[in-house]
Structures are given as structure tokens and as C-alpha cells.
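Report on the structure given below.
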Amino acid sequence: MDWIQQLVNGISLGSIYALIALGYTMVYGIIKLINFAHGEVFMIGAFVGFYAIAGWGLGFFPALIIAMAVCAGMGMLIERVAYRRLRGSTRIAALITAIGISLFIQYLFIYFRGAQPEAYPEVISNQTFNILGAQISSQSLMILGTSIVLMIVLQFIVHKTKIGKAMRAVSHDMDAARLMGINVNTTISATFAIGSSLAGAAGVFFGVYYTKIEPLMGVIPGLKAFVAAVLGGIGIIPGAMVGGLVLGVVETVVSGLGYSLWRDAAAFVILILILLFKPSGIFGKNAREKV
Amino acid sequence: GCGSDSAGGGESGDTVKIGANLELSGAVASYGEGIAEGIELAVDEINKDGGIDGKEIEIVKVDNKSDAAEATNAAIKLTENDDVVAIIGSATSGNTVAQAQVANNSETVLLSPSGTSPNVTVNDDGSLNDFVFRTSFIDPFQGTVAANFAANELGVKNVAIYADNASDYAKGLAASFKETFEAAGGKIVAEESYVAKDTDFRSTLTRIKSANPEFIFIPGYYEEVGLIVKQGREMGIDVPLMGADGWDSPKLVELAGGDSLNNTFITNHYSSGDPDETIQSFVTKFGEKYNGSSPDAFNALGYDSVYMLKDAMERAESTSDAKKIKDALSETKDLTLVTGIISVDEDHNPIKSATVLEYKDGEQVFKTKVNP
Amino acid sequence: MLKVDGIDVYYGNIHALKGVSLEVLEGEIVTLIGANGAGKSTLLKTLSGLLKPKQGVIQYENQSIVGKQAQTIVKAGISHVPEGRRVFSNMTVEENLELGAFVRKDKEVQKDIQKVYELFPRLFERKGQLSGTLSGGEQQMLAMGRAIMARPKLLLLDEPSMGLAPIMVKTIFSIIEEINETNGTTILLVEQNAHMALSIAKRGYVLETGKVVLTGSAKDLQESDEIRMAYLGG
Amino acid sequence: MNTKKIKGFWLFVILSIIVYFAVQMAANTGMINNYHVNTLVYICINIILAVSLHLVIGITGQFSIGHAGFLAVGAYISAIVTMKLSLPFPIALIIGGIVAALTGLIVGIPSLRLRGDYLAIATLGFAEIIRIIFLNIDAVGGAAGMQVTKMTTWTSAFICLFITVLVIVNFTNSRHGRACISIRENEIAADAMGINTTYYKVAAFAIGSFFAGIAGGLYAHNFYIIQPVQFGFLKSFDILIFVVLGGLGSLSGAVISAILLTIVSTFLQSYPETRMIIYSAVLILVMLYRPQGLLGTKEITDLFKRKSVKGGS
Amino acid sequence: MENQPLLKVNQAGISFGGLKAVSGFDLEIHQGELIGLIGPNGAGKTTSFNLLTGVYVPTEGDIFLEGVRLNGLPPYQVTRKGISRTFQNIRLFNDLSVLDNVKVANHSRAKHSMLSSILRLPSHFNGEKEMEDKSIELLRIFQLEHVKDELAKNLPYGQQRRLEIARALAAGPKLLLLDEPAAGMNPQETHDLMELIRFIREKFDLTILLIEHDMNLVMGICERIYVLDHGQLIAEGLPEEIRSNPKVIEAYLGEEVSSDAQG
Ligand SMILES: Nc1ncnc2c1ncn2[C@@H]1O[C@H](COP(=O)(O)OP(=O)(O)OP(=O)(O)O)[C@@H](O)[C@H]1O
Ligand SMILES: Nc1ncnc2c1ncn2[C@@H]1O[C@H](COP(=O)(O)OP(=O)(O)OP(=O)(O)O)[C@@H](O)[C@H]1O
Ligand SMILES: [Mg+2]
Ligand SMILES: [Mg+2]
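Sequences listed follow chains Y, L, W, U and B, in order.
The first sequence begins at 3 in this note's numbering and counts up by one.
The second sequence begins at 981 in this note's numbering and counts up by one.
The third sequence begins at 588 in this note's numbering and counts up by one.
The fourth sequence begins at 3 in this note's numbering and counts up by one.
The fifth sequence begins at 1418 in this note's numbering and counts up by one.
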């Protein structure tokens, strides 16, 4: 087997997962909600990008910006309409609502445009380099680069800026955060806006890289991104990155060995093994409840 | 205690009630939707022309969520509550099998547009499902055609198969391809699978590439095949590729890109570029109804299913007696449809010729026609 | 400075405050004592905007603050040190202090942090430590320091001595007095430890099952027999 | 106290017998047709699933979102028993249940050490693994699935439902059930009170899996074919939704929401374009306006109790 | 045999990461004693309770109950061996009734099996009846019988604290550990609590170890007192000795406390 080639394949796949997982983990980190609708925001991002490029003839970057902006708005809207009311309720109620929102978006979308897929136009040319016998596409390098940059930016926002501090405060204790003069609603909206715009960006990259987009495209990557986030330690930004890459590489290696049908199973086996030996993910702190 | 009364069903006033049990949500919603579009186009046409025997067709559409249990449920609803005389559905073999016994028991005709697995009409134990028919080829036929084409026309010896493992259709094709190709003295150097909804095929393609095949057979649907072709070509796999009717969609060209599709072949029921009148008028009318889009295989099969029923009803001289209609269906002979000129054999499968097409810069070019 | 008139507060069906009225003058230390569940914390939460009263008036510097968001109230100069400290445990001591100054836009935040460190030298020693790993007394200091960072005019303290070692209790109380004296901060102090609270307060209110049952100067209250029996342990 | 519970028990038995015969009569006299009977069977299956998951999530508080995996095990194993080994259907159901329970043990023992979302994702992962295993076994048809003769009837479905509810209610109202509830309420305190928390978590999980397996047997023999795609995570979510929508911790809530949602979903089949939109909208609205679920933690009997007390006094 | 201590802790300790939360902890408690454990915040008092009850496994040293080594036993087994506890932050089963809270603690003393409960065999009814009777009796002692059907979370704070002690007793301990039972109580309530602790000690023939910051309570009822600071014992002795121990005054009591406590 072509090890280097497979590693390259795995990292390209993994960086897509990572890109989606970053937004996932961000939202989770702040309000502890498994936002199943994240995958749908990703889908919306892909379609907005598509319409911007194919419909209005915009270039890649304007399309990316528009998609991110629309998704940021979507994220805030979803939070406002569906999650805010549930802040005081059990997390499982919020989870079911998230599943509901996810289905709702999917089928509303199908209702208005049908279930058939769409093919992304080629907006950035794709060159293939040959390094050490492995084919590396410029697009996959771009995706990897983007995820790393976004990870660093996010890490910076959360740890160094004022809004980031507000986010962390809200995530620890909402009432205490209020007492510091933090506007909890605004902070959570901002979190959703950032997380969702990342999902939107991921959608556009996905479209460019894989060409095919369709209304149910968010389901599987959404789930995989969630797995990646848990793998890395949920709520931890670099963890999402590493989790995504690990997942991508594991899947690729398993397929590369000829067990492509077991690929998803293998990903879950790895996940479960990591959880069993390190119950809070690769980067998670094993915080036991203090008695 | 059912069946005795429902044989007289389907005749409520002066319409012909036909059920459509389709995958309109869930994983393969796009297939079900494609069939539904075809059905609607045909029904519009027929009703405009005065219906069947003066009666308008009324379609009762139900969603089975791409789930076999729901398909059973929906079929029972159609037969018991809506009293349809026939059901068109479903897109996948599994969901069709899930309603086959319901159709037999309630004596309702079941016509599957795209259920290609042999066990749709003939049960695992060899018994025939009296009331169940289909519009499409069965898997072994297309697989055989493709294998013969590869061995004889392209003259390749070492081939790889890359099949959709989540689809019985693709697995059926792969199996018959393998059997025929090996019988013809060829060698399968790699056999790999993917699962529908996958988007990244590079790792397996890398593996296939290192087996150095001269030809790759890729049974599956265009949604994934488009990506496989694109990614394969990017990785420098430039041998001929081949698939079957599941590839047939204008989307394939968009997804893979015209360049990548050069040197690929498919077996199909028909060629949308065929100047044949039936085909061209279908393509035109479809475009008119669905703002300019061109039909894929599901659209065509859904469309044909309605006409196949219409033909049988006219010959049976009944729009309500399911027994007569199923007898007429099993005697279908030389019926000209968009997807070919068909006759139904004793296993309730349509016999029709297959066309082999080649993609040239995104256009399908007629290559040969193979008779069964 | 603060005038509360006849407020009613509910948790769902539970009627936690029933027509409570009280007054705090500028520069005073006022204490609020009462048994468990009397509604002391509820009152403070209402003042700082975490809860909304169903009825009644709350005037702060002659302006109604009823229905205002917590962050607005903080900006107006009321800081609340909640029951159970509620420090942001995964953040460092210094980050907690910075958050205390969240609403401030001026450039003197760093200077004020130094001032807090002067007030609580222990916090300076631990400024880089995650606050969740501090001891209870240290966390209490942090919670108070954090509240001071907002430069409040009125400081609401909810049971600052709860669960603290006797020596810590003393320290905390002397710091409260110090804050009051040096910064001129007005303080509304909720305490179980009525003895200590009355010893530093000017006036006091006694709350029982959601109602004010007694009020007077700290001295009078300390000498009242009822109070001695119920809250000072005879 | 105890006499009241015994009374409730007999009430339940008598009510069940009445419901059973009412449906049976209606079907025999043609008042309801096959479609209705089939819907009722589907409702029974869904109630069994809901109640079995209720034991795991609602009672023991273990957030498992991979229940479809056990459904799949029960379905496939029982189908193998009847179709390949030609044994009678009741035996197939029991074997399906037992194998599902064993699978529950295998899944539960390692993963129940995890908490909250981590447990959720682990159970989801296990369910996917189970599904992929069936997908790769050609003897059971792989992706194409396995044809199964219809054997499930109203009678068999109802008997299974009756037993499931009885067992789970009896379990819940005993010291063992209380042990499980105490784990849900506060695991550390339960441990400190001498409860072997691991044992009870795993026991509840295995019992829940057993009945999910029984439901799987009924399911397989009702719909003519089983395929791995039927047992994906969306199926698990469907079951989870029954439990949460009814009210976590409320058995009657789970039952009622399983009934309601099955009816809603079946009814919406005829509105294919808007079906899932309406379904998801219902879900969202119920959760937004009743986040504690339809019945909260109460049982339907509590509502009667209160009324009768009021009426009596 | 008479002289064997009920509980013997030998050089026990535990670290979290680099932090030695408790180290070299020695403790000896004899049947029937009432012992206090005090120390500054973060001294390791609660942590030592967690060591005794199996919540944490000691990284050094040994713990013996009646000569039986407890190290490494999970909490539920420690409880069955005879140590039960209350928590610093109340941990009741909030959505269970008061009666059921106590019944849960009775659990391990009941015998009827899961099968007998599912099949509703006579042994189930007998077993449940016995549990119920025992629990009600306990509630009566704690004056909680009238609220037995209330949900635990709806009780006022003081009753919650009492319920927690009742629940701990239902587990049938030989040694009862109380972690700040008087926290958040006013002097009057604290006084009542002291009476209650004395009473149950007599009634159930208990040995009690308690953590408390309220010096009135500690000095009032404890026969001996251990003082922890920074995870280590700094003093041990009679209340009067502790009160005047300079180390304790410096680390914990503060100078004037002796006079205050009398007030
Ligand atoms: N979140 C809540 N939900 C419902 N009831 C509450 C809530 N918080 C407090 N209560 C009730 O309101 C009443 C007043 O509670 P509050 O916390 O204000 O009392 P407190 O005087 O501060 O007592 P403590 O000395 O225990 O702190 C109590 O009966 C309490 O049970
Ligand atoms: N699970 C844990 N992880 C890390 N550190 C811990 C853990 N449990 C306790 N500690 C640390 O051990 C030390 C002792 O804590 P402990 O809770 O035993 O104090 P305490 O004496 O009970 O204090 P208090 O009187 O405030 O309750 C503290 O520094 C605490 O932060
Ligand atoms: Mg309070
Ligand atoms: Mg402690």
C-alpha cells in the first residue's frame, strides 16, 4: 500500500472533518449543547456558496464570505428561535430540539428545491503536485491550511479577546457571568455566529473539493465532526483539529488496507477505545466530579 | 381474510387509482423524487389525452422514508385504505420486496420502476410473485452485457470492480459481471466496495491503482460515481471505466466533468441522444415540465412504468380488475417505451435490449446495442 | 441610595419574597439576617437583576432598576458576590479579576488589579493558578476582589463567611470593613453569622419566610432578646 | 400502600385484556381493516422500544442513543432462527431477546463507565458497529437484506407488549428499580449508600436491550424484509424521541408519545412533501413549549389519583 | 480484641497531579467515640473522608475498619462494610420522595432478588414491606415522617440536612461520617443539630467522625479533635488542648476565637 499517498489522503479528508468539528466544539464548549443542526448549517453554507458562484457568477472568496455571513445569521437565528428558550431545561430536551431543527432544515430545503444533488463549478483550479510519489492536490493543501489558521484564530479569540473571556465565563456559570456585566444572550449569539460561519466555510470548501452537494449532505459529516470533537476532547479547539485528522487518517488507512466497508466501524472502534482509556478524549482533562 | 373484496377496488367513480410508494424522504429521496417526476409527467400526458378508457389516472403518492418497514406500511395503506388497483414503487429492491407479499395477498399489481434485484419478482425460494412486475432490467443482464463489452470490444484482460456495497443493485451487477468476465477468461485483479453517501474515495482508488487494472467496472449511482470518476482521474487513473444505467444522469457530467468522463462507458436502456421519436419527445416534454432539466434513468423509468400499466389495462380492457391487469402485464409484448422495446418474460422481467454508450466530452455517444 | 418598596418575587409557584421593603443609605454597611430559606439570597438576586420581581419598586440612586438586565445594573454600580462564591473555576485568578472589570472601558483596570492584590496579598501569590483549585477562603477573597473590580458603589455580599475556617471568617470581615472605609463602598451584607455581621454593620434587617419582621440599628438588634435566642445562639 | 399497588396491577391486567379483545373483535368483524391492525402492531413494537429505552434513560439516567443496534440484533437473530433454522416464532423472539441482552452486556460493561455525552457517542458508535457488522455478513443478505416471512400478529405483538410493560413496571417499583433511580438522581450518593452502581447500570441496560431485541423479532417478522439501513442512528433517534417527548422518567409518557408519534407519522405518509417538515415542527414545538415532555416525570395514574382525591373530598 | 480500634488509618495520603492533598494521615477511632476533624479550607478534610469511603483510592498508606483493610474497595462495598457518610454539598436523590431516599439506603440490607420482584413473588412483598417499615421508623426518629411523600428537593434546607443523616443511618453503619452538617445553619438550628447527633449516637450505638467549622458545635460535642493543615495532621487532642494549641490558633482559629466561642 502507498503509505505516503494514503497519509496524504487521510489528512485531506481529516481536515474537512476538522473544519466542521471546530465550529461544533466551539458551540459545545460554551453551552454544552450537541448542536445537531450544525451539519445542516454546513449544508446551507455549501448551497449558498454554490448559488453565489453558479448563480451570480461570483468568485471563490466573495462566495466564501457570503456563505459564512449567511451561516452566521442562520446560526444566530437557530439559537434565538430554538435553543434560547431551553436554556434552563434539561440538556436532553435541547438535544431533541436540535435533532428536530436538523430534520426541519433538511426537509424544508428539499421541499423548496428537491433532493437532487448539485455539482459545484470549478472556481479554483486544482493542481496536483507529486511529492515522494504521492499526489497532493493544491485544494487539499488549502483546506488543511485554512483549518489550521482557523484553529489558531479561534484559539486566540477564545483565550485572548474580551468576547472570548466572556464566552468562557458564560460556559462556566451563566449567572455569575451576568453579575460581571456580561450580556449572556449576546455572547451566546456571538458563539453561534462564529461556530456557524465556520460550518459555512467548511461547506464551501467541501463543495469545491468534493463537487457534489445535496440537502442531506450535512448528516454524515455532521456526525463525523461530532465524533472528531469527542475524540479530541469536546469543547477543546485544538482537540477538534486533532480529532478530525485522526478520524480522517484512520478511515483512510482502513480503506487503504482493503476494508473500506469497515471504515466507519473502525472509526467508531477507535473512538470507543480512546474513550475507554481516556474518557474525556485525547486532549480532555479527566475532570472527576469533586465530591 | 383479504383479497376477495379488493380485487374489485381501484374503481372509485371514473378515475383509475394508482398508488406510488416512493422514497420521498430519507437516504435515497433523490431516487424516489426522480421516479415521482417521471410518473407525474406521464400521468399529465395521459389525462390530457383522455385518460385510460376515458378514465383519468389518480396517483396516490405515499412516502416510505427510504425504509422497508415504512414501505410495507404504506403498501398496506394503499391497498386497504385507498383501494388502489396498482402500485408503482419503490426505487430500491429492498423496499419493493417489503411490499411484494402485501401486493400478492391483497391482489394488487405492484410495478417497480427500478428494483433490479432478481428477488423482487422471484422469491428466494424460487416461487414467483404473481402480482409483482418491474420496468427495469434485472441486474445480471446489464452485468453480463458490460462484461462481454469489456472482454470482446475493449479486449481487456485484467480488470477491477469497484461497487456500491450498500446497494443490492450494484452488488448484483458486480456479481454477474465477475461471473461472465471470468468465464470469458479475464482476471479480476481488485474487488473493492464503497458505501452510498461516501464522498471520499481516494484511499480505495489508491489501492485499485496499485493493482494496475486495464479497466474498472463501477456499478453504482451517478451521485457517487461522478465523484469516483473525478477523483480517480485526478489521481492519474486513466484506464477505461464502465458502469450501468445508474450512471445515466446529466448530473454525472457536472459532477465528474466532461474531461474526466472521456473513455468511460455505460450500459443503458436508451440513449437520450437517440433520435428515436419516443425518446426525443420524452426529453423535450420533460424539459418543458421541469424547467429545462434533462431526465435521468429514474425519471425515464417512472415515466415508463405508467405507460406499461396503461398498456396492460387497455389490453385487459379493465382499469379495475387487478387479476386481469396482471395477466395482461405478463403478456406484454414489444411495447415501445422510452427505455426500450419490452416484452415481459415468465419471471415477470422485461426483456429489452441494452445500449452501450460512450461519453465523449460530456456527451453520450451510441456505441452498440446488445439484445438479450 | 437604594430603596426597595414592597417587592414580591416568585419561583414558579413558590412565593419567596412577600412585600419586602428596605433602605440602604450611602456609605453604610447594612446587614440582612434570617434563617435558611428566609429569602435573603432571593432578595440580593432580585437587586442585581438575576430575578425579576412581580410587584414593587426598586430605586437605585433615584432611578427604578426594576426589569433592568443584570449587565445594566452592574454598569450602574451594583456588584453582587453570590452565595457559594461562583468563581470561574477553569480560569486563572487574574482572568477572574479581569472579568470583574468586564463593563469598564477605562485604562485603569491593571491598576485596580494591583489594588486588589494589595487588599488580598494571598491572591497575588496565586494569580496564575486556576481558581477552581483555590481553597474556600481564597475563593471567597477572589469573589470579593472580582466584584470590587467593577468599581461598585454598592456591594451586595451573600454569606461571605459560609463554610470558612474561623480565622478566615475574621479576615473576611475585616476586609469588608476595610472596603467600606477606604473605598467608601456601600455594603449590603447577608449573613447567617449574625453575631459577626451585626458587629460591623450600622443597621440590620431580619427576614423570616419572605417578610421583613424586624429592623433597627445593629446595636438594638444585638441586644434584642428575640434575636439573641434565634440567631445568636442564646 | 401495597394493596393500592396490587389494585393498580389488576386494573392494568383487566384493561389490557379489554383492549386486546376489543381490537381482535373489531378486526374480525371488519370494523377495522388490515391497515389499521398493522398500524396497531407497529404501535406495539414502538411502545416496546420506547419502554425498554425508558428503563435505560428515564429510570437509570444513562444517556444511550444507540438503541437501534439492539433492535437490529433482535431482528436479525430471530429472523435467522425462523428462516434458516426453521424454529417456531416464539422461540425466535426469545433467542433474539437473549442475544440482544448479551450484546447489551458487551456494549454496556465497557461503555457505562462513561458519562453524559461521552456515553451517548459511545453507544451511538456501538450501534453503528453492529449495523456495519450485519452489512458485511453475506449470509444475512448484506445490504440487500434478508427476506422474512410475516409471522407477527396482533396477538403476538400485544402479548409481548404486555409482558414488557409488566416486567419493567415491576422492576421499577422494587428496591432494584429504586437503586436504578438513585443512580439517575446522584450516582455518587447512590454509590455511598451501598448501591453497586455498575451492576445496576449494566442490568438495566441488559434488560432494556432484551426487550429491544424482542421488539426486533416482532419488527423483522412484520415487514417482510430487514436491511441494515433500517437500523441506522436515525432509528435510534426515533426511539429516543419517544422517551424524551413523553417525559423522561415517565413510563406512561413514553407509551403515549410512542402511540402519538406512530400515528402522526403514519398519518403523514399521505402528505409526502410536507411529512418530515410537519413531523420535525411538531417535535420542536413540543420541546419548546413542554421541555419536560408531555407528562414530565409523572405517570398517567398520578393524574387520575389527584382527580379522584379532589372528587372524593 | 476490645482494644482494637474501630477505624485505623495508617499514614494514608493522596495526591492530585503534583498536589499532595492529604499525606501521612494517621487516625484511630474506637467504638462509640465522637471525633471532630477540623482545619482550614482546603486542608484536606473532605478529601480524607473521600479516602475513608473509597471515593478516592489512597496513593499511600492503609485504612482498616475492624482490622479489615479497605484500600481499593469501591464506595458501595465500603458502605456495606459499615462506613456511611453525608456530603459537604447536599447530595440527596432530589426527584425521589423522602421515604424512597431512605429506602434506597436500605437497599443492600434487603434480600429479595430481582427475579422475585419482576414476578412479584411473596418474598418481594415481604422484603419491600420490611424496608418500608424500617425506613418509616427512621424518619420518625428524625421527625420527618410527616413529609415522607414529599420530593426531597422540595424540603427546606434544614430538613434536607437531617434527611441526609437519616439516609446515611439507613445504610446501617458502624461509623458515621458527617461533612459540615451545620453549614448554613443559624445558631439555634445548630444547637438542635447537636442534640440530634448526641441522640442518634446513643440510640444506634454509633461511632461518629465529623468535619465542622462551627467551633460551638465542635467544642461542644466532640470528645477528641484532629486538626489538619495542608494535608497533614498538626494536632490531636481534647477540645481544651486544641483550643489552646498555638499551632491550631495560628493556622485555624485566630487569636481571639477562644473568647468569642464562649459568647
Ligand atoms: N431556584 C429556585 N427554585 C425554586 N425555589 C427556590 C429557588 N431558590 C430558592 N428557592 C426557595 O425560595 C425561598 C428563599 O430562598 P433563598 O435562597 O432566598 O433563602 P436564603 O434566605 O438565602 O437561605 P440560605 O440561608 O439557605 O441561603 C426558599 O424557600 C427556597 O426553597
Ligand atoms: N478531585 C480533585 N482534584 C484535584 N484537587 C482536589 C480534588 N479534590 C480535592 N482537591 C484539592 O485538595 C485540597 C483539599 O480539599 P478538601 O476538599 O479536602 O478541603 P477541605 O479541608 O474539605 O476544605 P473545606 O473546609 O473548604 O471544605 C484542595 O486544595 C482541593 O482543591
Ligand atoms: Mg442564601
Ligand atoms: Mg470540605
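Heads up, the beta-carbon is just placed ideally off N, CA and C, and yes, glycines get one too.
With a threshold of 8 Å between beta-carbons, can Trp-264/Y be considered close to chain U, or not?
By the rule that beta-carbons nearer than 8 Å mark a contact, Trp-264/Y touches chain U.
Bounding residues of the beta strand (DSSP E) (the contiguous stretch that carries Gln-1079/L)
Looking at the DSSP string, Gln-1079/L is not in any beta strand (DSSP E); the run it does join, the alpha helix (DSSP H), is 1073-1086.
Say yes only if the C-beta of Gln-8/Y is nearer than 7 Å to one or more non-hydrogen atoms of ligand 4, and no if none qualify.
No, the beta carbon of Gln-8/Y sits no closer than 7 Å to any heavy atom of ligand 4.
From what residue to what residue does the beta strand (DSSP E) around Ala-1527/B run?
Where Ala-1527/B is concerned, there is no enclosing beta strand (DSSP E), given that its DSSP letter is neither H nor E.
Neighbourhood of Val-266/U by C-beta, 7 Å cutoff - its chain only, sequence neighbours within 5 removed
Tyr-281 and Val-284
If we cut at 8 Å on Cβ distances, does Ala-20/Y have a partner in chain U?
no
Given a limit of 7 Å on CB to CB distance, which residues of the region 1143-1156 of chain L reach chain U?
Among the residues of the region 1143-1156 of chain L, those with a Cβ less than 7 Å away from any Cβ of chain U are Asn-1145, Ala-1146, Ser-1147, Asp-1148 and Lys-1151, in the order of the chain.
Under 8 Å from the C-beta of Gln-26/U: neighbouring residues of chain L
For Gln-26/U, there are no neighbours in chain L by C-beta distance under 8 Å, as the nearest C-beta there is about 13 Å away.
Opening and closing residue of the alpha helix (DSSP H) in which Phe-208/Y lies
186-212
Once you ignore the five residues that flank Ile-258/U on each side, which residues in its own chain have a CB closer than 8 Å to its CB?
Gly-248, Leu-296, Leu-297 and Ile-302
Excluding five sequence neighbours on each side, which residues of the same chain lie with their C-beta closer than 7 Å to the C-beta of Gly-51/Y?
Excluding sequence neighbours, Gly-51/Y sits near Ala-65, Leu-66, Ala-69, Gly-205, Val-206 and Gly-209.
Compute the minimum distance between the beta carbon of Asp-745/W and the heavy atoms of ligand 3, and state whether it is under 7 Å.
yes
Could you tell me whether any non-hydrogen atom of ligand 3 is closer than 7 Å to the CB of Lys-798/W?
no
Note down, in chain order, each residue of its chain lying with its Cβ closer than 7 Å to the Cβ of Gly-1637/B, except the 5 sequence neighbours on either side.
Met-1611
How about Ala-1009/L and Glu-1017/L: are their beta carbons less than 8 Å apart?
No, the pair does not count as a contact, with Cβ atoms beyond the cut-off.
CA-CA distance, Asn-35/U and Phe-269/U?
15 Å
Rounded straight-line distance, which links the Cα of Leu-775/W to that of Ile-787/W
11 Å
Looking at C-alpha atoms only, which residue of Lys-1177/L, Leu-1090/L and Glu-1338/L is the closest neighbour of Met-1302/L?
Inspection of the sequence shows that residue 1302/L is occupied by Ala rather than by Met. The candidate whose alpha carbon is nearest that of Ala-1302/L is Leu-1090/L.
Please list, in chain order, all residues of the same chain as Ser-1432/B whose beta carbon is under 8 Å from its beta carbon, the five residues on each side excluded.
Ala-1438, Ser-1440 and Thr-1476
Among residues of its own chain, excluding the 5 on either side of Ala-1652/B, which ones have a beta-carbon nearer than 7 Å to its beta-carbon?
Val-1644, Ile-1659, Asn-1662, Lys-1664 and Val-1665
If we count the other Cβ atoms within 10 Å of its Cβ and call it buried at 16 or more, is Ser-315/U buried or exposed?
Bear in mind that the predicted position of Ser-315/U carries a pLDDT of just 32, short of 50, making it unreliable; the figure below should be weighed with that in mind. Classification of Ser-315/U: exposed, given that the 10 Å Cβ count is below 16.
Do Gln-1505/B and ligand 4 come close, with the Cβ less than 7 Å from some heavy atom?
Yes, the beta carbon of Gln-1505/B sits closer than 7 Å to at least one heavy atom of ligand 4.
Counting Cβ pairs closer than 8 Å, one from the region 1056-1066 of chain L and one from the region 1323-1334 of chain L, do we hit at least three?
no
Based on the DSSP secondary-structure assignment, which residues constitute the bridge partners of Pro-1330/L?
Val-1324/L
Do Tyr-109/Y and Ser-1070/L have their C-beta atoms within less than 8 Å of each other?
no
With DSSP as the reference, label Phe-689/W as helix, strand or coil.
Coil.
Apart from the five residues just before and just after Trp-1227/L, which ones in its own chain have a Cβ nearer than 7 Å to its Cβ?
If we look at Trp-1227/L and ignore the five residues flanking it on each side, its Cβ neighbours are Tyr-1202, Val-1205 and Ile-1246.
Tell me Leu-1454/B's beta-bridge partners as DSSP assigns them.
Looking at the DSSP assignment, Leu-1454/B forms a beta bridge with Ile-1628/B and Tyr-1643/B.
According to DSSP, is Ser-315/U part of a helix, a strand, or is it coil?
With a pLDDT of only 32 at Ser-315/U, under the threshold of 50, the placement of this residue in the model should not be trusted; the figure read from the coordinates follows. Note: Ser-315/U maps to coil in three-state DSSP.
Do the region 1259-1269 of chain L and the region 1148-1162 of chain L make contact, defined as three or more Cβ pairs closer than 8 Å?
no
Would you say the beta carbon of Asn-138/U is closer than 7 Å to some non-hydrogen atom of ligand 2?
Every heavy atom of ligand 2 is 7 Å or more from the Cβ of Asn-138/U, so no.
Might you give, ordered along the chain, the residues of its own chain that have their beta carbon closer than 8 Å to the beta carbon of Lys-312/U, omitting 5 neighbours on each side?
Confidence in Lys-312/U is poor, its pLDDT being 37 and thus under 50, which makes the residue's placement too unreliable to answer from.
Whether Leu-15/Y touches Thr-254/Y by CB criterion (8 Å)
Yes, they are a contact pair.
Chain W contacts made by the region 1559-1580 of chain B, where a contact means CB separation under 7 Å:
Pro-1573, Tyr-1574 and Gly-1575
Can you find at least 3 beta carbon pairs, one from the region 216-233 of chain Y and one from the region 21-29 of chain Y, that sit closer than 8 Å?
yes
Please report whether the beta-carbon of Tyr-109/Y lies at a distance below 8 Å from any beta-carbon of chain U.
yes
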